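Enquirer: Protein chains in written order, with the numbering used here: chain A, 4 to 325; chain B, 286 to 357.
No residue lacks a Cβ here, since even glycine has one placed at the ideal position from N, Cα and C.
Since the structure is predicted, the reported quantities are computational estimates derived from the model, not experimental observations.
I have a structure I would like to understand better, so I am pasting it below and will then ask my questions one at a time.
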Amino acid sequence: MRDAFAKFEAAGIKLYALSYDDQETLTEFAEKQGVQYTLLSDTDSRVIKQYGLLNQQLSKEDAFLYGIPYPGVYVCDENGTVVSKFFHDSYKKRESPEILIDAALGRITIDETAPQAVSSDDGIRIMAALHGGNGSLRQGIVRQLVTTFELPDGLHIYGEPVPQGLTATEIRVEGPDGLVTLPIEAPPTTPLHLKALGIDLNVWSGTVNLAIPLYPVGELVSECRPIDEREVELSVHVTFQACTNETCLLPETRSLTLRVALEEVDVPNLPIHTGHGQREGSYDSTPAMKRLIWRKIRKNPLRLLQFIWNRKRMERRSKRES
Amino acid sequence: MKAERDELGFDAPAPLGHPVRASLPENAPTGPAIGDRLPDFSLPNAFGQMVTFHEDRGVSKAALVFYRSAVW
């Protein structure tokens, strides 16, 4: 987020980040980490509750954790109306900032510097690019493998469903173990009715961006060990059939290969997170942690016992495991 | 501490089952729907100034991020 701030600004999108952290913590965090967007402090989780996002899996017995939201992002237009929202099954998954910007602007804008591969043949240019975050992969951060078709005038390709004998566009991304791909995101097709044949088709023409969201998990990038490979190879297999209203080219599959970097995870500068070879923050949040615990204890002194109990339980467990 | 991998493939330094690592339930609420206006609110920013969301946003598009914590 921090690194992408300039992109938000250039796109005219204001960025707000809300948490249950106290204001002093946010001041320190913003200063040490050079955060330029607006951090908001919701210490009693009033707005988190107002939005209905209070994490109900945590009980008040979870002391210092209680009060956090189910994490997610809303993107709104000039009127404040939600145009997109992103919530996931894991707190580790989140959209790359570029995807939020695309959602606000309603189009995909790929950086010129993104890792890419191009195939030009029969006048049809296909580009595959890793979109988001300087073209690297990072644990849980959802980026996109975008396949861009540039179709000459008069040619179109097909979306599902297609009548028998025609081939719908299909994209398959092949990568190392630990790379998770999500279902394709495509712009709506245009209906095309061919009177002579009495068939209805769903087509794309001109420039078309087809995006496959993807992210690495622990097998590939883990926050608990250093990255062992700096770069991995992604193969993109693009199957399609290009046609005019009268005739069709043969279906074909083009394979494009790109090499992308693996990136460290940003981890908080707390003893439990540090020393794993990841990118440690310049903000030591130990004092903030103490403040957070104290804030909870002050509200209810029993929390101190719960805190100690939870900590002991965790230590015992980790000893047992190792 | 040994990394424990969760069912979605993620590693974290806290043990599995620790509340800090809980995945989100399938039907976890996700607040306002697409097409809704974001509910307005006022909260202090990092400099202690009160920010009223829609007033501060003015006529800009915005991204509003709910995250767990800057501390841990």
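1. Quick one, are the C-beta atoms of Glu-173 (chain A) and Ala-214 (chain A) less than 7 Å apart?
2. Starting from the C-beta of Ala-33 (chain A), find all residues in its chain whose C-beta is less than 7 Å away, skip the five residues before and the five after it, and write them out in chain order.
3. Considering only C-alpha positions, which residue in the set B:Ser-327, B:Val-350 and B:Asp-325 is nearest to Tyr-40 (chain A)?
4. Is there contact between the stretch 320-335 of chain B and the stretch 124-132 of chain A, where contact requires at least three CB pairs shorter than 8 Å?
5. Do Ser-288 (chain A) and Val-356 (chain B) count as a contact pair if the criterion is CB distance below 7 Å?
6. Under 8 Å Cβ-Cβ, which residues of chain B neighbour Gly-143 (chain A)?
7. Would Val-176 (chain A) and Thr-184 (chain A) be called neighbours here (beta carbons separated by less than 7 Å)?
8. For Leu-328 (chain B), would you say it is in contact with chain A, using Cβ-to-Cβ distances shorter than 7 Å as the test?
9. Give the interface partners of Ala-9 (chain A) over in chain B, defined as CB-CB distance under 7 Å, in chain order.
10. What separation, rounded to the nearest whole angstrom, lies between the Cα atoms of Thr-30 (chain A) and Ser-354 (chain B)?
11. Below 7 Å between beta carbons: does that hold for Ala-264 (chain A) and Ser-139 (chain A)?
12. Would you mind giving the Cβ-Cβ distance between Ile-160 (chain A) and Phe-152 (chain A), rounded to the nearest angstrom? I have them listed as a contact below 8 Å.
13. Starting from the beta carbon of Thr-397 (chain B), find every residue of chain A whose beta carbon is closer than 7 Å, and list them in chain order.
14. Check the DSSP bridge columns for Thr-260 (chain A) and list the partner residues they point to.
15. Give the residues of chain B in contact with Asn-82 (chain A), contact being defined as C-beta atoms less than 8 Å apart.
16. Could you give the DSSP three-state label for Val-50 (chain A): helix, strand or coil?
17. Mind checking whether Ser-225 (chain A) and His-240 (chain A) have CB atoms under 7 Å apart?
18. Cβ closer than 8 Å: which chain B residues qualify as neighbours of Lys-95 (chain A)?
19. Grab me the residues of Thr-210 (chain A)'s own chain with a C-beta within less than 8 Å of its C-beta, minus the 5 sequence neighbours each way, in chain order.
20. Going by the beta-carbon positions, is the gap between Ile-319 (chain B) and Val-85 (chain A) smaller than 7 Å?
21. Got a sec? Which residues, its chain only, sit under 7 Å from Pro-271 (chain A) by beta carbon, not counting five neighbours each side?
22. Of all the options B:Ala-307, B:Ala-299, B:Ser-327 and B:Pro-314, which has the alpha carbon lying nearest to the alpha carbon of Val-76 (chain A)?
23. Could you compute how far the alpha carbon of Arg-290 (chain B) sits from the alpha carbon of Ala-297 (chain B)?
Expert: In this structure, then:
1. Translated into the one-based positions of the first sequence, residue 173 (chain A) becomes position 170. Translated into the one-based positions of the first sequence, residue 214 (chain A) becomes position 211. Not in contact: Glu-173 (chain A) and Ala-214 (chain A) (Cβ atoms no closer than 7 Å).
2. Locating residue 33 (chain A) in the first sequence gives position 30, where the first residue counts as 1. Cβ neighbours of Ala-33 (chain A) beyond the five flanking positions: Leu-42.
3. Here residue 40 (chain A) corresponds to residue number 37 of the first sequence, with the count starting at 1. Looking at the Cα atoms, B:Val-350 is the closest of the given residues.
4. no
5. Numbered from 1 along the second sequence, position 71 holds the residue referred to as residue 356 (chain B). Numbered from 1 along the first sequence, position 285 holds the residue referred to as residue 288 (chain A). Closer than 7 Å, so yes.
6. As a first step, residue 143 (chain A) must be located in the first sequence, where it is residue number 140. By Cβ distance, chain B contributes Phe-295.
7. Taking the first residue of the first sequence as 1, we reach residue 176 (chain A) at position 173. Taking the first residue of the first sequence as 1, we reach residue 184 (chain A) at position 181. It is a contact, given that the beta carbons lie within the stated cut-off.
8. Here residue 328 (chain B) refers to the residue found at position 43 when the second sequence is read from its first residue. By this cut-off, Leu-328 (chain B) is an interface position.
9. In the first sequence, residue 9 (chain A) corresponds to position 6, counting from 1. Under the 7 Å cutoff, chain B gives no residues; its nearest Cβ is about 14 Å from Ala-9 (chain A).
10. Within the first sequence, the letter at position 27 stands for residue 30 (chain A). Within the second sequence, the letter at position 69 stands for residue 354 (chain B). Their backbone Cα atoms lie some 13 Å apart in a straight line.
11. As a first step, residue 264 (chain A) must be located in the first sequence, where it is residue number 261. As a first step, residue 139 (chain A) must be located in the first sequence, where it is residue number 136. Yes, the Cβ-Cβ distance between Ala-264 (chain A) and Ser-139 (chain A) is below 7 Å.
12. Counting from 1 along the first sequence, the entry for residue 160 (chain A) is found at position 157. Counting from 1 along the first sequence, the entry for residue 152 (chain A) is found at position 149. So it is a contact: roughly 6 Å between Cβ atoms.
13. Residue 397 (chain B) falls outside the range modelled here, since chain B spans only 286 to 357, and no answer is possible.
14. Start at 1 with the first residue of the first sequence, and residue 260 (chain A) comes out as number 257. Beta-bridge pairing links Thr-260 (chain A) to A:Ser-238.
15. Here residue 82 (chain A) is taken as the residue at index 79 of the first sequence, counted from 1. What Asn-82 (chain A) touches in chain B: Arg-322.
16. The residue labelled residue 50 (chain A) in the question sits at position 47 within the first sequence. Helix.
17. In the first sequence, residue 225 (chain A) corresponds to position 222, counting from 1. In the first sequence, residue 240 (chain A) corresponds to position 237, counting from 1. No, Cβ-Cβ distance for Ser-225 (chain A) and His-240 (chain A) is not below 7 Å.
18. One-based indexing of the first sequence puts residue 95 (chain A) at position 92. Correct list: Leu-293, Phe-295 and Ala-297.
19. Here residue 210 (chain A) corresponds to residue number 207 of the first sequence, with the count starting at 1. Cβ neighbours of Thr-210 (chain A) beyond the five flanking positions: Thr-151, Phe-152, Glu-153 and Leu-154.
20. Numbered from 1 along the second sequence, position 34 holds the residue referred to as residue 319 (chain B). Numbered from 1 along the first sequence, position 82 holds the residue referred to as residue 85 (chain A). Yes, they are a contact pair.
21. Within the first sequence, the letter at position 268 stands for residue 271 (chain A). Result list for Pro-271 (chain A): Gly-284 and Ser-288, in chain order.
22. Locating residue 76 (chain A) in the first sequence gives position 73, where the first residue counts as 1. For the residues B:Ala-307, B:Ala-299, B:Ser-327 and B:Pro-314, the minimum Cα distance to Val-76 (chain A) belongs to B:Pro-314.
23. As a working mapping, residue 290 (chain B) is identified with position 5 in the second sequence. As a working mapping, residue 297 (chain B) is identified with position 12 in the second sequence. Each residue's Cα considered, the two are about 7 Å apart.
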